[in-house]
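Enquirer: Protein chains in written order, with our numbering: chain A, 3 to 246; chain B, 3 to 246.
Glycine included, C-beta positions come from ideal geometry on N, C-alpha and C.
Computed from a prediction, not measured in an experiment: that's the story for all the values here.
Below is a structure I'd like to ask you about.
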DNA sequence: ATTATAATGCGTATTTATTACACAATGCAA
DNA sequence: TTGCATTGTGTAATAAATACGCATTATAAT
């Protein structure tokens, strides 16, 4: 086992999209009393780990992602570093750390990333044990400062999506307009008129209609689209308009 | 002297606005050969320091800012953490570290902030020695990975300004429309029609005209305005429009 | 003084984008 | 075979962004 750097960690907020809902992948954390078997801690945490000696922080994030989802080359964005002295000071977190990781530093600074995955490609059951998806608006009890991390990750993702078409990372390669629309509605927390959304998307040269039809749980078959990152990069404008 | 945490630091990109140009505050770094007096290193760096034992990272950034500009309560935004293993590995940086800070860790992770200051309130000569302002598009030779930090800070600032009226932090309390316009042009790297800018700004309820007139280096006196953060917070909309 | 000039104040058309809503077609379920 | 949720494609009304016109002001140069 490689040596870890005890006062620096990375945490990953892994977003997926399923059931027309934005979801976060969480890992169960349980601590039982050695003697009585009583459950002392039962909650969830993000995926995270310390960085290793000689490891770039971005590589540490990719490693965590690979370990917990089996996926590589996925969308990953560093959004904030949490370095408050009290961030691990809640009693249950102290109990957990003292029991499980007595060698870890008292002041751990955590560099946080969020990632966007096609949840059909991750099967939590087959991957890391105790991992499962939770809708972002129905989170279970969370350890450490991970609730704050998730809500900040969501804020960054929302801001990002207003400015850049990152949502496609959450969908299968081929998707329908209604899937795309509900994804936008879920992340941006807004209702969009279907017909205006259609008009807006048809202006986006990088969303390319296919000849195929898909039925995404609906009655009528809908046209399938793909996203071309390449076309987007080539046609993106950098002159915008002030949003206020 | 308080103990430092040797593998975590903060760096601050301090932006000011002067001469219709966005400026960065830099500190001179010089190393002379003990015997020959030859200049081994002569370049500039950002303001930075290690975090102290028991110190929040945000507080470390505020401390650095206070130390180097004398200012408190100024706009400060964490934008990225740099943690590549090779970020301090250039020969001149190694020479500097080995000579000046032999105890510092080999892998230092730096949490970066940018801040926006009213440059009329900072007088580099009276503050930290060897500090001076440089236009962002005419930077001198820089140490460590600080050039990358500045260009990333500028990118974050630009994105921020498209979405939120943070530019006022760089101006005196009272300013004219032409000052504001050239600030927007400098940061957004775009030309704006003066009359359309006037129209746009007059829609912003949080930019409040005063009865006073100012002459900002121009022939004709121009009307002065103030920015009300309070009015902005109360009138901001969170439904935006996709920028693509 | 007078004049040229650069900056300012305040417009009006034109084009483009956003919003609101209409209606026919499809294909599964009852 | 019919009902109906979903999909495909509009059009009209409104709002915003862009391009540009022109008189006014105060200073610097003559």
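Is the separation between the beta-carbon of residue 113 of chain A and that of residue 12 of chain A shorter than 9 angstroms?
Expert: Along the first chain, read from residue 1 onward, the residue named residue 113 of chain A stands at position 111. Along the first chain, read from residue 1 onward, the residue named residue 12 of chain A stands at position 10. Their beta carbons are under 9 angstroms apart, which means residue 113 of chain A touches residue 12 of chain A by this criterion.
Enquirer: Residues of chain B with CB closer than 7 angstroms to the CB of residue 86 of chain A, please, in chain order.
Expert: The residue you call residue 86 of chain A lines up with position 84 of the first chain. Those within 7 angstroms of residue 86 of chain A in chain B are 58.
Enquirer: With a cut-off of 9 angstroms, does the C-beta of residue 148 of chain B fall near any C-beta of chain A?
Expert: To locate residue 148 of chain B, count along the second chain from 1; it is residue 146. At least 9 angstroms separates the CB of residue 148 of chain B from every CB of chain A.
Enquirer: Return yes when at least one heavy atom of the ligand PLP lies under 8 angstroms from the C-beta of residue 65 of chain B, else no.
Expert: Ligands displayed in this structure: none; no statement on the ligand PLP is therefore possible.
Enquirer: Measure the alpha-carbon distance for residue 115 of chain A versus residue 226 of chain B and round it to whole angstroms.
Expert: Along the first chain, one-based indexing puts residue 115 of chain A at 113. Along the second chain, one-based indexing puts residue 226 of chain B at 224. Straight-line Cα distance between these residues: approximately 43 angstroms.
Enquirer: Does residue 189 of chain B have its Cβ less than 9 angstroms from a Cβ in chain A?
Expert: Numbered from its first residue, the second chain carries residue 189 of chain B at position 187. So, not an interface residue.
Enquirer: Could you say if the region 184-201 of chain A and the region 209-217 of chain A meet the contact criterion of at least three C-beta pairs nearer than 8 angstroms?
Expert: no
Enquirer: Please name the residue in B:243, B:160, B:132 and B:7 whose C-alpha comes closest to that of residue 70 of chain B.
Expert: Sequence index remark: in the second chain, residue 70 of chain B carries index 68 (1-based). Closest by alpha carbon: B:132.
Enquirer: How big is the Cα-Cα spacing for residue 87 of chain B and residue 52 of chain A?
Expert: The residue labelled residue 87 of chain B in the question sits at position 85 within the second chain. The residue labelled residue 52 of chain A in the question sits at position 50 within the first chain. Residue 87 of chain B and residue 52 of chain A: Cα-Cα distance of roughly 15 angstroms.
Enquirer: Which residue marks the beginning of the beta strand (DSSP E) containing residue 215 of chain B, and which one marks its end?
Expert: Along the second chain, one-based indexing puts residue 215 of chain B at 213. Residues 209-216.
Enquirer: In its own chain, which residues sit with a C-beta less than 7 angstroms from the C-beta of residue 59 of chain A, not counting the 5 before and 5 after it?
Expert: Numbered from its first residue, the first chain carries residue 59 of chain A at position 57. Result list for residue 59 of chain A: 12, 53 and 113, in chain order.
Enquirer: Run down chain B in chain order and give the residues with a C-beta less than 9 angstroms from the C-beta of residue 167 of chain A.
Expert: Your numbering for residue 167 of chain A matches position 165 in the first chain. Per Cβ cutoff of 9 angstroms: 244 and 246.
Enquirer: Tell whether a beta-carbon distance below 9 angstroms holds between residue 175 of chain B and residue 232 of chain B.
Expert: In the second chain, the residue the question calls residue 175 of chain B occupies position 173. In the second chain, the residue the question calls residue 232 of chain B occupies position 230. No, the pair does not count as a contact, with Cβ atoms beyond the cut-off.
Enquirer: So, at 6 angstroms on beta carbons, what are the nonlocal neighbours of residue 89 of chain B in its own chain, with the 5 sequence-adjacent residues on each side left out?
Expert: To locate residue 89 of chain B, count along the second chain from 1; it is residue 87. Contacts found: 147.
Enquirer: Please confirm if residue 234 of chain B has its CB atom under 9 angstroms from at least one CB of chain A.
Expert: Position 232 of the second chain, counting from 1, holds the residue named residue 234 of chain B. Using a Cβ-Cβ cut-off of 9 angstroms, residue 234 of chain B counts as an interface residue toward chain A, since at least one Cβ of chain A sits closer than that to its own.
Enquirer: Going along chain B in order, which residues have a C-beta closer than 8 angstroms to the C-beta of residue 200 of chain A?
Expert: The sequence position of residue 200 of chain A within the first chain is 198, counting from 1. The contacting residues do not exist; residue 200 of chain A stays about 13 angstroms from chain B at best.
Enquirer: Which chain B residues sit within Cβ distance under 7 angstroms of residue 106 of chain A?
Expert: Stepping through the first chain from its first residue, residue 106 of chain A is reached at position 104. The contacting residues do not exist; residue 106 of chain A stays about 14 angstroms from chain B at best.
Enquirer: Which same chain residues end up closer than 8 angstroms to residue 111 of chain A when comparing Cβ atoms and leaving out the 5 residues on each side of it in sequence?
Expert: The residue given as residue 111 of chain A occupies position 109 in the first chain. Excluding residues within five positions, the ones whose Cβ falls inside 8 angstroms are 9, 10, 11, 83, 84 and 85.
Enquirer: What does residue 206 of chain A reach in chain B if we use C-beta pairs closer than 7 angstroms?
Expert: Indexing the first chain from 1 puts residue 206 of chain A at position 204. Chain B residues near residue 206 of chain A: 246.
Enquirer: Taking residue 238 of chain A as the query, report the chain B residues whose CB atoms sit under 7 angstroms from its CB, ordered along the chain.
Expert: Counting from 1 along the first chain, the entry for residue 238 of chain A is found at position 236. The answer, in chain order, is 246.
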